[in-house]
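Only one structure is covered here, and it is reproduced in the block below.
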Amino acid sequence: MHTFFLVPSLAAAHPSWRVARMLLLSLLLWCTGPWALAATLRVGVPDLPPDIYLQPDGRVGGILADILTPIAADKGLELQAQPCHWLDCLALLRTGAIDLLPNVRYSNERALQLDLNQVPALTRSSLIFAPEQHEPTHWQDLAGKRIAVLGGSVQYTLLADKLQEQRVSASLIATKELVDGFRLVQIGGADAAVAGDISGALSAARYHLSASPLLLESSPIFFAAPKGHETALLAQIDQHLQAWKEDPQSPYYQALAHWGMAPSASTTSDWRWIVLLPLALVSLLAAGAYYHWHGQRHFFDELTSLPSRQILHTRVEQALVLTQRQKAKGALLILDIDDLNLVNERHGLTVGDHVLQEIARTLIHNTYPRDTIARTDGDEFTILLTTLSGEQQEAAHQAMDIAEKLHHALTHRAMVIDGQPCTVRISIGVTLLGDASSTLENCLQEARIALGRAETLGGNRVILFNHEIQQELWYQRNLERDLAHAVTTQQIHACVQPQIDRRGNVIGAELLARWQHPQLGDIPPSRFIPLAQGQGQLTLLTCQMLAHACQLIDQLTALGQTYPLSINVSPVTLTDPQFIQTALRIIKDTGVDGQRLIFEITEDIDLENNEQAIQHMNTLSAQGARFSIDDFGSGYANLVKLQKLPIHELKIDKSLIDGLPQQAGSAAIVQVILLLARKLKLRTIAEGVEQQAQANFLFTHHCDAIQGYLFSRPITSAAWVQQETDHFRHPLAPHERWPAAMHTLPGRPQGTLASQASVPNFS
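Each residue of the sequence shown is one higher than the last, beginning at 0 in numbering that gives the first Met the number 0.
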């Protein structure tokens with residue numbers, strides 16, 4: 000392979016060599032044939048302007064693209080850009096995932112693994128770039144410094160050899176892109192960076208770096224293809240380059256001129272070179288400016304300088320190919336700032352922007368250069384981790400360790416922005432790459448599902464995707480899809496659970512919404528009520544339950560029953576003008592006595608700051624309806640509102656009942672609630688009563704009624720009407736009607752549960 004470097008110089012000296020070389024190339028083309036080339040040529044595109052980069056329209060751009068494009072067009076090939084990190088580009092090329100990679104420097108290792116063309120396209124030198132105030136002028140100035148250099152590159156080898164030659168000890172940091180090294184220097188993660196003389200000059204100013212006088216050995220630039228593939232194409236490239244370099248008017252020199260690089264002195268007189276040099280510099284700077292302000296703006300976030308969503312997606316697709324072929328795992332992390340809007344409201348948008356920039360710097364500090372960090376939304380970052388363990392469980396542990404480290408770095412210390420301390424809450428969803436069936440869309444969806452679960456659980460945490468979460472999401476989406484139809488077609492039915500006093504008499508009942516899904520079975524209210532509220536269906540559902548309650552009251556009245564029915568009303572529904580209008584119309588149309596209706600509201604409803612809710616309560620109270628505070632004792636009740644609002648009843652929360660009578664704390668709180676209710680002349684209902692000992696305690700301390708499985712599970716309203724009808728026709732004593740709870744006690748009249756002076760004994 001070394002002889003390849005000698006051929007061009009021999010050809011320049013001896014015309015016979017040029018003729019022989021052209022014959023050999025023509026013979027090679029004839030043997031391989033044009034059919035060896037695909038109609039689409041997949042070209043790896045690392046971000047190395049001006050030699051090669053991705054244009055905003057997705058096409059390959061740069062000097063090498065200008066050289067390659069007419070060759071491909073001449074052979075009927077369409078270039079398909081495959082943006083990739085430099086190291087990933089090499090890996091993709093070795094596996095055949097791309098067909099051609101421009102801008103490859105020769106090394107013995109690459110010659111064994113890849114096919115390279117023989118005629119160099121360009122020659123490039125490499126420089127050390129550093130902040131101007133710390134610019135090294137001698138190799139010894141790099142002693143103890145951290146130097147960022149493109150990983151797996153010839154520059155990396157040249158620099159390592161040069162430092163060894165100069166006996167300088169420095170730390171080399173391998174990066175995946177040229178700009179990654181500049182970013183590391185900018186944020187203090189490295190002291191200097193290595194880049195090509197021209198590509199580095201285009202990018203250095205943006206990161207406030209300047210070129211030092213330290214120069215690495217020049218290297219020729221080639222096109223490379225997978226070993227044993229695209230030999231015909233490489234030969235055609237050589238044929239064109241050989242011919243073009245001998246013609247100052249060829250596409251080769253036109254490409255150089257387009258990018259502000261004049262032909263060599265052998266083809267241009269000294270005076271023309273002197274005239275063209277300033278023009279060349281202006282042209283090159285203009286080309287670089289175009290790249291940065293158009294290409295960079297399209298592919299990099301302006302605020303944080305991180306890659307955009309488009310670059311991230313391309314790199315994820317490449318990582319999927321590599322993980323499947325190399326049996327290594329990768330991971331995708333989606334990071335969301337839970338409270339960025341709150342930061343903007345409290346401190347202003349400028350501080351919010353600084354927070355985003357600080358988060359970007361923190362993410363870069365705490366990940367490897369080979370990883371990709373992108374800003375994919377206003378308050379969202381996405382991180383691609385590569386080269387994790389090939390074993391699933393170990394890779395999951397590694398990904399979670401990194402995610403937890405990032406979460407800790409971002410949330411466990413206050414950022415100081417313009418002198419103001421600022422803290423944020425961060426949620427992170429994590430998923431692994433590497434499944435043979437994985438696609439970009441699947442990976443993004445899985446990470447987003449995990450992120451959604453983190454936010455559902457309150458945010459500020461890290462969640463790893465698993466199939467249980469996916470099943471939960473599938474279940475949730477089915478409910479969301481079917482709920483609107485269920486509400487509008489009245490598939491959600493009402494069940495009744497009675498409220499029993501100490502004598503075993505029914506003094507009231509609660510209507511409970513139940514949904515029997517045709518495929519998923521019984522759906523608990525704790526699942527579909529929040530969904531109905533989120534979809535704006537809760538007011539309609541509440542009104543349906545109210546209409547059903549009024550119909551049921553009519554049926555019970557015909558059976559001689561006058562007890563009230565309770566229905567639940569959410570704080571959102573209570574403030575909805577549509578609800579109050581519909582409720583008043585239902586009460587009027589059915590002619591139901593308003594006193595037979597009790598609306599249950601939760602203890603934590605903020606009524607004092609909601610005049611509309613209070614007004615609606617008073618409007619319904621004027622119709623005779625009463626209100627009950629549900630789940631009393633589970634939150635922080637404002638006792639003042641018990642006096643000011645039309646409250647008729649307290650329902651003691653099941654969480655307190657569960658601890659009776661053994662837990663002293665629960666017993667003391669329940670006694671206080673019962674005493675308070677008696678003093679305020681409020682009725683008391685204990686809900687969730689399942690044991691006789693609980694009932695004994697409650698009735699002993701003057702609870703008016705109990706509701707729970709001890710007496711009856713919720714049953715359909717039709718079944719309840721039938722039960723009341725049977726009781727109306729054939730009255731039963733309480734111990735007969737409630738056999739699980741009522742037992743005849745010695746010396747007590749049948750049907751009496753307990754006298755106020757005695758402690759019941761159901762055993």
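Just so you know, even glycine gets a beta-carbon here, dropped at the ideal spot from N, CA and C.
Residues near residue i by beta carbon distance below 6 Å, same chain, minus five either side
{"i": "Glu357", "result": "Met414"}
{"i": "Ser716", "result": "Ala493, Val495 and Leu551"}
{"i": "Leu162", "result": "Ala169"}
{"i": "Glu216", "result": "Leu157"}
{"i": "Gln594", "result": "Gly623"}
{"i": "Arg682", "result": "Glu648 and Asp703"}
{"i": "Ala147", "result": "Ile172, Thr174, Gly180, Leu183, Ala189 and Ala192"}
{"i": "Thr410", "result": "Ile425"}
{"i": "Ala685", "result": "Ile651, Ile656, Leu697, Cys702 and Ile705"}
{"i": "Leu100", "result": "Gly43, Cys88, Leu92 and Ala223"}
Close Cβ partners of residue i (< 8 Å) along its chain, the five nearest in sequence each way excluded
{"i": "Ala71", "result": "Leu40, Glu77 and Leu78"}
{"i": "Ser211", "result": "Leu126, Ile127, Phe128, Ala129, Glu134, Pro135, Thr136 and Ala191"}
{"i": "Arg736", "result": "Gly503 and His726"}
{"i": "His207", "result": "Pro130, Glu131 and Gln185"}
{"i": "Val483", "result": "For the record, residue 483 in the displayed sequence is Ala; it is not Val. Excluding residues within five positions, the ones whose Cβ falls inside 8 Å are Gln534 and Gln536."}
{"i": "Thr122", "result": "Ser217, Ser218, Pro219 and Ile220"}
{"i": "Ser152", "result": "Trp85 and Arg104"}
{"i": "Thr361", "result": "Leu405, Ala408 and Leu409"}
Which residues DSSP lists as bridging residue i, in chain order
{"i": "Val354", "result": "Answer is none; Val354 lacks a bridge partner."}
{"i": "Val42", "result": "Ala80 and Leu99"}
{"i": "Cys494", "result": "Leu511 and Thr715"}
{"i": "Tyr52", "result": "Gly60"}
{"i": "Ile566", "result": "Phe598"}
{"i": "Cys421", "result": "Met414"}
{"i": "His516", "result": "Gly520"}
{"i": "Thr122", "result": "Pro219"}
{"i": "Ala224", "result": "Asp114"}
{"i": "Lys404", "result": "DSSP, once it has assigned bridges, lists no residue as partnering Lys404."}
{"i": "Val461", "result": "Ile427"}
{"i": "Ser170", "result": "Arg145"}
{"i": "Thr381", "result": "Ile333 and Ala373"}
{"i": "Phe299", "result": "Pro306"}
Environment of residue i [buried if 16+ CB atoms lie within 10 Å]
{"i": "Arg712", "result": "exposed"}
{"i": "Trp473", "result": "exposed"}
{"i": "Gly60", "result": "buried"}
{"i": "Asp588", "result": "exposed"}
{"i": "Val671", "result": "exposed"}
{"i": "Leu87", "result": "The sequence shown places Asp at residue 87, not Leu. With 16 or more other Cβ atoms within 10 Å, it is buried."}
{"i": "Gly664", "result": "exposed"}
{"i": "Leu232", "result": "buried"}
{"i": "Pro420", "result": "exposed"}
{"i": "Ala531", "result": "buried"}
{"i": "Lys680", "result": "exposed"}
{"i": "Lys678", "result": "exposed"}
{"i": "Asn340", "result": "exposed"}
{"i": "Ser654", "result": "exposed"}
{"i": "Leu111", "result": "exposed"}
Residues near residue i by beta carbon distance below 7 Å, same chain, minus five either side
{"i": "Leu432", "result": "Ala318, Leu319, Thr322, Lys328, Gly329, Ala330, Leu331 and Cys442"}
{"i": "Phe198", "result": "According to the sequence shown, residue 198 is Ser rather than Phe. Closer than 7 Å at the Cβ level, and outside the excluded window around Ser198, lie Leu47, Pro48, Pro49, Asp50 and Leu177."}
{"i": "Lys144", "result": "Ala169, Asp190 and Ala191"}
{"i": "Asp481", "result": "His516"}
{"i": "Thr572", "result": "Leu537, Thr538, Thr541 and Phe578"}
{"i": "Phe710", "result": "Pro497, Ile499, Trp737 and Ala740"}
{"i": "Leu558", "result": "Glu723, Thr724 and Phe727"}
Residue-chain proximity (residue i, chain C), Cβ-Cβ < 8 Å
{"i": "Gln662", "result": "Included in the structure is just one protein chain, with no chain C present."}
What ranges does the beta strand (DSSP E) occupy inside the segment 620–694, keeping only unbroken runs of at least 3 residues that lie completely in it? 625–631, 646–651 and 682–686
Hey, is the segment 448–464 in contact with the segment 422–430, meaning 3+ C-beta pairs nearer than 8 Å? yes
Inspect the CB distances between the segment 363–381 and the segment 304–318 and report whether three or more fall short of 8 Å. yes
State whether the segment 488–506 contacts the segment 466–480, with contact taken as three or more CB pairs (one from each stretch) at a distance under 8 Å. no
Answer yes if the segment 537–549 comes into contact with the segment 510–517, meaning at least three C-beta pairs across the two stretches below 8 Å, and no otherwise. yes
Is the number of C-beta pairs between the segment 696–707 and the segment 476–493 that are closer than 8 Å three or more? They do not touch, by the three-pair rule.
Spell out a yes or no on whether the segment 104–122 and the segment 217–227 are touching, meaning 3 or more CB-CB pairs, one atom from each, closer than 8 Å. yes
Would you be able to state if there are at least three C-beta pairs under 8 Å between the segment 48–68 and the segment 88–95? no
Evaluate contact between the segment 643–659 and the segment 611–630, counting only Cβ atoms and requiring at least three cross-stretch pairs below 8 Å. yes
Tell me whether the segment 226–244 and the segment 114–123 touch, counting them as touching only if at least three CB pairs, one residue from each stretch, are closer than 8 Å. yes
Counting beta carbon pairs with one atom in the segment 389–402 and one in the segment 342–349, are three or more of them shorter than 8 Å? These segments do not touch.
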